[in-house]
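Residue numbers (this note's numbering): 1 to 154. A quick write-up on the structure given underneath.
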């Protein structure tokens, strides 16, 4: 065999190996995503089975870790979170019963009013630094939810 033929075979083998690696990697990542989404679905179902008090306690503890809340702040935040969780559960059950466009507008308007009220309550409880950190964290969560929603629709 000539040197040129050996080089040509080597080049072809290299390209084949690259294709094999690309396909294997793509296949591997696609399998992991499916598993992760199943895990997330399971976790969401388990979270739905929690009581309002348990949900409020978990979210309060997350905020306590994030914002380094004092004991008094934790108690106040817990009450705000508990009220928010109970309102959310009532609204979810009401929303399932109605599908009218006017009801949708009223629901969206009420939801935004509740968000503003929740924000004011948190502002009253938290220090300025904690409030800024909380707002920043909430913005990240909202962006992540929007990205997940876009991926789900595609």
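Just so you know, even glycine gets a beta-carbon here, dropped at the ideal spot from N, CA and C. Fair warning: this is a prediction, and the values are worked out from it, not measured in the lab.
request  = Using beta-carbon positions only, say whether residue 63 and residue 77 come within less than 8 Å of one another.
outcome  = yes
ask   = Rounded to a whole number of angstroms, what is the C-alpha to C-alpha distance between residue 135 and residue 148?
value = 20 Å
key: Separation of residue 130 from residue 68, as counted between CA atoms   = Cα-Cα distance, rounded: 8 Å.
ask   = Helix or strand or just coil, what does DSSP make of residue 1?
value = coil
message = Counting beta carbon pairs with one atom in the region 42 to 60 and one in the region 6 to 23, are three or more of them shorter than 8 Å?
response = no
Proximity winner among 12, 106, 55 and 124, relative to residue 73 (alpha-carbon distances) = 124
ask   = residue 85: which of 106, 75, 54 and 108 sits nearest, CA to CA?
value = 54
key: For residue 143 and residue 6, the rounded distance between their alpha carbons   = 54 Å
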